[in-house]
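K.L.:
Have a look at the structure that comes next, please.
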Amino acid sequence: GAGVSQSPSNKVTEKGKDVELRCDPISGHTALYWYRQSLGQGLEFLIYFQGNSAPDKSGLPSDRFSAERTGGSVSTLTIQRTQQEDSAVYLCASSPYFRAVLSSGANVLTFGAGSRLTVL
Amino acid sequence: DAKTTQPPSMDCAEGRAANLPCNHSTISGNEYVYWYRQIHSQGPQYIIHGLKNNETNEMASLIITEDRKSSTLILPHATLRDTAVYYCIVRVVGIGGSQGNLIFGKGTKLSVKP
């Protein structure tokens, strides 16, 4: 597609339920990032995928959070046993493979519109 | 990646130039300076980036000091739609560099006023 697509755009769930958030990156972008943004706060890095390399999971806040990326394209962020503090906007971004833009540094991130999660 | 320091907020009159400063005194020779902005309720949007030369595109100009320890993003004729949080980020790119997570600080909240 033309941009990064995320779904659902809004999700309201009850505490303790599991949720899945989906991200469709720009076609051909091999790097994919997940961030979250709590109300009035900055962006918090969660996880990063690059091609077939092991993902950088250093930002995941707890073992209730996991993400996978199937076929090097679509990614799903799963939050198990949701808590109220998980309420936030979850943003996905993708970028082209850095070797292709080595000399210009232009491996910029394109963000989706986000998935707003509300845990009651 | 080097850390950046930005003022938390700035005001600018509509039609005037907005100059947003960023300090990155620990920047390394292979780190680029990137600027993104986030308009309310939207995902961040790339604006411009540079290594050591000044850069200009249709959105903005980026002025990087000779020692690369600071930079300024210039919006030449700010409009109300430029009201947003502006993030300055430095990042290593290229073979051998980390293309890992992009660290966003708190940014500068720019308010363009009529």
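Chains as they are written, first to last, in our numbering: chain A, 1 to 120; chain B, 1001 to 1114.
No residue lacks a Cβ here, since even glycine has one placed at the ideal position from N, Cα and C.
Go through its chain and collect everything with a Cβ distance to THR1056(B)'s Cβ below 7 angstroms, but skip five positions before and after it.
P.N.:
none
K.L.:
Below 7 angstroms on C-beta distance, what does GLY114(A) contact in chain B?
P.N.:
GLY1043
K.L.:
Do you know offhand how far MET1010(B)'s Cα is from SER115(A)'s?
P.N.:
29 angstroms
K.L.:
Within its chain, find whatever has a CB closer than 6 angstroms to the CB of SER1098(B); leave out the 5 residues flanking it on each side and keep chain order.
P.N.:
Legend: pLDDT at SER1098(B) = 47, less than 50; position of this residue unreliable, value from coordinates given subsequently. Here the set comprises VAL1092.
K.L.:
How big is the Cα-Cα spacing for GLU14(A) and THR82(A)?
P.N.:
8 angstroms
K.L.:
What's the C-alpha gap between PRO1008(B) and ILE1074(B)?
P.N.:
17 angstroms
K.L.:
I'd like to check one pair, GLY72(A) with THR110(A): are the Cβ atoms closer than 8 angstroms?
P.N.:
no
K.L.:
For a test of the three-state rule: what should DSSP assign to THR1079(B), helix, strand or coil?
P.N.:
coil
K.L.:
What does PHE111(A) touch in chain B if you count any residue whose Cβ is under 9 angstroms from its own?
P.N.:
TYR1036, GLN1038, GLN1042, GLY1043, PRO1044, GLN1045, TYR1046
K.L.:
Use the C-beta contact count for GLY1043(B): other C-beta atoms within 10 angstroms, 16 or more gives buried, fewer gives exposed.
P.N.:
buried
K.L.:
For the beta strand (DSSP E) containing SER1011(B), list its first residue and its last residue.
P.N.:
One point to set straight first is that residue 1011(B) is Asp, not Ser, in the sequence displayed. Segment 1009-1013, the beta strand (DSSP E) holding ASP1011(B).
K.L.:
Determine the DSSP secondary structure at THR110(A), reduced to helix, strand or coil.
P.N.:
strand
K.L.:
In the DSSP assignment, find the unbroken beta strand (DSSP E) run with GLU68(A) in it and report its ends.
P.N.:
65-69
K.L.:
In angstroms with no decimal places, state the Cα-to-Cα distance between TRP1035(B) and LYS1003(B).
P.N.:
Approximately 13 angstroms, taken between the alpha carbons.
K.L.:
In whole angstroms, what is the alpha-carbon distance linking PHE45(A) and GLY59(A)?
P.N.:
5 angstroms
K.L.:
Please compile the residues from chain B whose C-beta is within a distance smaller than 8 angstroms of the C-beta of GLY71(A).
P.N.:
Those within 8 angstroms of GLY71(A) in chain B number zero; the least Cβ separation is about 20 angstroms.
K.L.:
With 9 angstroms as the limit, tell me which residues of the stretch 42-58 of chain A have their beta carbon closer than that to any beta carbon of chain B; keep them in chain order.
P.N.:
GLY42, LEU43, GLU44, PHE45, LEU46, ILE47, TYR48, GLN50, ASP56, SER58
K.L.:
Would you report the Cα separation of LEU1051(B) and ALA1060(B), rounded to the nearest angstrom?
P.N.:
16 angstroms
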